[in-house]
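**Student:**
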Amino acid sequence: MAGIYIHIPFCHSKCAYCDFYSLPLKWENEFIDSLENEYRHRISELKETVNTIYLGGGTPSCLSKKSLERIFKLLPSGAQETTIEVNPEDVTDDFINWMKNYTPVNRVSMGVQSLNNDELKFIGRRHTADEALSAAYSLLDYNYNLSLDLIYGLPLQSMQSWDDSLDKIIKLHPQHLSCYLLSYEPGTRLTAMKQSGKIQEISDEMATKMYQLLCERTQNAGYKHYEISNFAISGFHSRHNSSYWDMTPYLGLGPGAHSYDGINRSYNPGNISYYLRNEGIGVNIIEEEDEQERFNDFVITSLRTSNGLNLELCEILFGLKSRLFVENTAQNLIANSIMWQERNHIGINESYWLTSDSVMLDFIKV
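Going left to right, the sequence shown walks through residues 21 to 386 as my numbering numbers them.
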């Protein structure tokens, strides 16, 4: 199986924490023309049946219906999961009706981030808490498989406000949650504010308490914590995102998109002018990886998940020596209850996922 990811590089406005490639909505028709060209020139790179399609960004829902219909008309039919990212302010009854009648979308990922109006305003979100809740209820009423995004560790956020947001979201009971610890990325407004002393990053202790509350609340509500930042009701994990973690090939289209063909990774530069000037053709840059780099990718993606790392697959892909390296490296971590082992799988225990980067470093070959 394979996936297709399309990066829509447009947003109504830039959120204070966001470092994804996005810009104001311009050149919409030219972008769709170039995207169609890129698709036709690159679709042959996928040798397997397309099982998942994901429109991300940016904000795909800020495009016109005509543009979105052109994209969906281009794509192969029959995908098991077709996801579109939306913001609450775009989710009207008219938009939902249109999706139901004119698109193959069966899964919606909506950026909520918080249900506290002061926090939303501070990070530059354009919706209120009530608008987000209303949009979520509408999507659930239309029987959409719904994923909601939340962020913890935000400026102005307290344990109480985080608990309140979680309480309201869990009462909605969407099929999927993606919950991220705020990361201060270079070039974002929040990072500039932190560097100037206007705001402070939360302490490691507070981040841990917020994470523990998240794990406790979601577990009690019947969600499975299947990846560091992702939680799902049984049967509703993100099939597309899971392909990133299990080394399934996927084709990324649009400026800023990344691809993986099963051996090498590649990317399109985040530059709309370059993309349009070349009409979407020949912009993809291949990052050839040696075996050591592929091994490191395998380790990092595997240990992000509740399934952990498959030792038998490790041996098949990278040889017995690499499997023994992983097993030997894991022994002390298993003895100290940082990692677990069940037959041919090893993984990081949930309580250490928030600091999993430091655990993974032990397995990285340099």
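From the three backbone atoms N, C-alpha and C, an ideal C-beta is built for every residue, glycine too.
Is residue 211 closer than 8 Å to residue 200 when the C-beta atoms are compared?
**Tutor:** As a position in the sequence shown, residue 200 is number 180, starting the count at 1. As a position in the sequence shown, residue 211 is number 191, starting the count at 1. No, the Cβ-Cβ distance between residue 200 and residue 211 is not below 8 Å.
**Student:** State the start and end residues of the unbroken beta strand (DSSP E) segment that holds residue 169.
**Tutor:** Your numbering for residue 169 matches position 149 in the sequence shown. Taken as a continuous stretch (DSSP letters only), the beta strand (DSSP E) holding residue 169 covers 165-172.
**Student:** Please report the straight-line C-alpha distance between residue 54 and residue 101, rounded to a whole angstrom.
**Tutor:** For the purposes of this step, residue 54 is taken as residue 34 along the sequence shown, with counting starting at 1. For the purposes of this step, residue 101 is taken as residue 81 along the sequence shown, with counting starting at 1. Residue 54 and residue 101: Cα-Cα distance of roughly 25 Å.
**Student:** Taking contact to mean at least 3 C-beta pairs separated by less than 8 Å, is the segment 67-78 in contact with the segment 259-272?
**Tutor:** Segments in contact, yes.
**Student:** Out of 252, 171 and 253, point me to the one whose CA is closest to residue 227's CA.
**Tutor:** If you number the sequence shown from 1, residue 227 lands on position 207. Ranking the options by Cα distance to residue 227, first place goes to 171.
**Student:** Are residue 168 and residue 139 closer than 8 Å when you measure CB to CB?
**Tutor:** By one-based count along the sequence shown, residue 168 stands at place 148. By one-based count along the sequence shown, residue 139 stands at place 119. No.
**Student:** Given this structure, state the Cα-to-Cα distance separating residue 372 from residue 356, to the nearest angstrom.
**Tutor:** Along the sequence shown, one-based indexing puts residue 372 at 352. Along the sequence shown, one-based indexing puts residue 356 at 336. For residue 372 and residue 356, the distance between alpha carbons rounds to 12 Å.
**Student:** Is the number of C-beta pairs between the segment 39-50 and the segment 59-66 that are closer than 8 Å three or more?
**Tutor:** Result no; under three Cβ-Cβ pairs closer than 8 Å.
**Student:** Where residue 108 and residue 43 are concerned, what is the direct C-alpha to C-alpha distance, given to the nearest angstrom?
**Tutor:** Position 88 of the sequence shown holds residue 108. Position 23 of the sequence shown holds residue 43. If I take the Cα positions, the gap works out to 19 Å.
**Student:** Mind checking who residue 122 pairs with in its DSSP beta bridge?
**Tutor:** Taking the first residue of the sequence shown as 1, we reach residue 122 at position 102. Residue 122 pairs with nothing; no bridge assigned.
**Student:** Quick one, are the C-beta atoms of residue 331 and residue 368 less than 8 Å apart?
**Tutor:** Numbered from 1 along the sequence shown, position 311 holds the residue referred to as residue 331. Numbered from 1 along the sequence shown, position 348 holds the residue referred to as residue 368. It is not a contact, given that the beta carbons lie outside the stated cut-off.
**Student:** Does residue 128 pass the burial test, meaning 16 or more other C-beta atoms within 10 Å, or should it be called exposed?
**Tutor:** Locating residue 128 in the sequence shown gives position 108, counting from the first residue. So residue 128 ends up on the buried side.
**Student:** For residue 65, count neighbouring C-beta atoms within 10 Å of its own C-beta (all shown protein chains included) and say buried if the count is 16 or more, exposed if not.
**Tutor:** Reading the sequence shown from its first residue, position 45 is the one you call residue 65. It is exposed - the Cβ of residue 65 has fewer than 16 other Cβ atoms within 10 Å.
**Student:** DSSP beta-bridge partners for residue 387?
**Tutor:** Residue numbering for the chain in the displayed model covers 21 to 386; residue 387 lies beyond these limits and cannot be assessed.
**Student:** Could you check whether the segment 276-292 touches the segment 306-325, counting it as contact only if at least three pairs of C-beta atoms, one from each stretch, sit closer than 8 Å?
**Tutor:** Output reads yes: the segment 306-325 touches the segment 276-292.
**Student:** Does the beta-carbon distance from residue 31 to residue 77 come in below 8 Å?
**Tutor:** What you label residue 31 is simply residue 11 of the sequence shown in a count that begins at 1. What you label residue 77 is simply residue 57 of the sequence shown in a count that begins at 1. Yes.
**Student:** Based on the DSSP output, what are the partners of residue 330 in its beta bridges?
**Tutor:** Position 310 of the sequence shown, counted from the first residue, corresponds to residue 330. Paired residue(s): 365.
**Student:** Which class does residue 376 belong to by DSSP, given the choice of helix, strand or coil?
**Tutor:** Stepping through the sequence shown from its first residue, residue 376 is reached at position 356. If DSSP states are grouped into helix, strand and coil, residue 376 belongs with the helices.
**Student:** Under 8 Å, do residue 195 and residue 256 count as touching if we go by C-beta distance?
**Tutor:** Reading the sequence shown from its first residue, position 175 is the one you call residue 195. Reading the sequence shown from its first residue, position 236 is the one you call residue 256. Cβ distance < 8 Å, so residue 195 and residue 256 count as in contact.
**Student:** Could you say which of 56, 142 and 146 lies nearest to residue 82 if we only look at CA atoms?
**Tutor:** The residue labelled residue 82 in the question sits at position 62 within the sequence shown. Per the Cα distances, 146.
**Student:** Taking contact to mean 3 or more Cβ pairs, one atom from each stretch, closer than 8 Å, check whether the segment 108-124 and the segment 150-168 are in contact.
**Tutor:** Yes, they touch.
**Student:** So for residue 247, helix, strand or coil by DSSP?
**Tutor:** Here residue 247 is taken as the residue at index 227 of the sequence shown, counted from 1. Three-state DSSP puts residue 247 in a strand.
**Student:** Between the alpha carbons of residue 240 and residue 253, how many angstroms are there, rounded?
**Tutor:** Your numbering for residue 240 matches position 220 in the sequence shown. Your numbering for residue 253 matches position 233 in the sequence shown. If you take the alpha carbons of residue 240 and residue 253, they lie about 11 Å apart.
**Student:** Whose C-beta lies closer than 6 Å to the C-beta of residue 231 among residues of the same chain, with five residues either side of it excluded?
**Tutor:** Numbered from its first residue, the sequence shown carries residue 231 at position 211. So the qualifying residues of the chain are 374.
**Student:** Tell me where the alpha helix (DSSP H) around residue 355 begins and ends.
**Tutor:** Your numbering for residue 355 matches position 335 in the sequence shown. Per DSSP, residue 355 belongs to the alpha helix (DSSP H) from 340-355.
**Student:** So which of 105, 296, 213 and 135 has the shortest CA-CA distance to residue 192?
**Tutor:** Position 172 of the sequence shown, counted from the start, is the residue given in the question as residue 192. Nearest C-alpha to residue 192: 135.
**Student:** Whose C-alpha, out of 96, 152 and 202, is nearest the C-alpha of residue 5?
**Tutor:** There is no way to answer for residue 5, as the model of the chain reaches only from 21 to 386.
**Student:** Going straight from the alpha carbon of residue 148 to that of residue 181, what length do you get?
**Tutor:** For the purposes of this step, residue 148 is taken as the residue at position 128 of the sequence shown. For the purposes of this step, residue 181 is taken as the residue at position 161 of the sequence shown. Approximately 15 Å between the Cα atoms of the pair.
**Student:** According to DSSP, is residue 325 helix, strand or coil?
**Tutor:** As a working mapping, residue 325 is identified with position 305 in the sequence shown. Here residue 325 sits in strand by DSSP.
**Student:** In whole angstroms, give me the CA-to-CA distance for residue 236 and residue 132.
**Tutor:** In the sequence shown, counting from the first residue as 1, residue 236 sits at position 216. In the sequence shown, counting from the first residue as 1, residue 132 sits at position 112. For residue 236 and residue 132, the distance between alpha carbons rounds to 20 Å.
**Student:** Could you name each continuous alpha helix (DSSP H) segment of 4 residues or more that falls completely within the segment 174-262, going from the start of the chain to the end?
**Tutor:** Within the segment 174-262, the complete alpha helix (DSSP H) runs of at least 4 residues are 179-192, 209-215 and 224-240.
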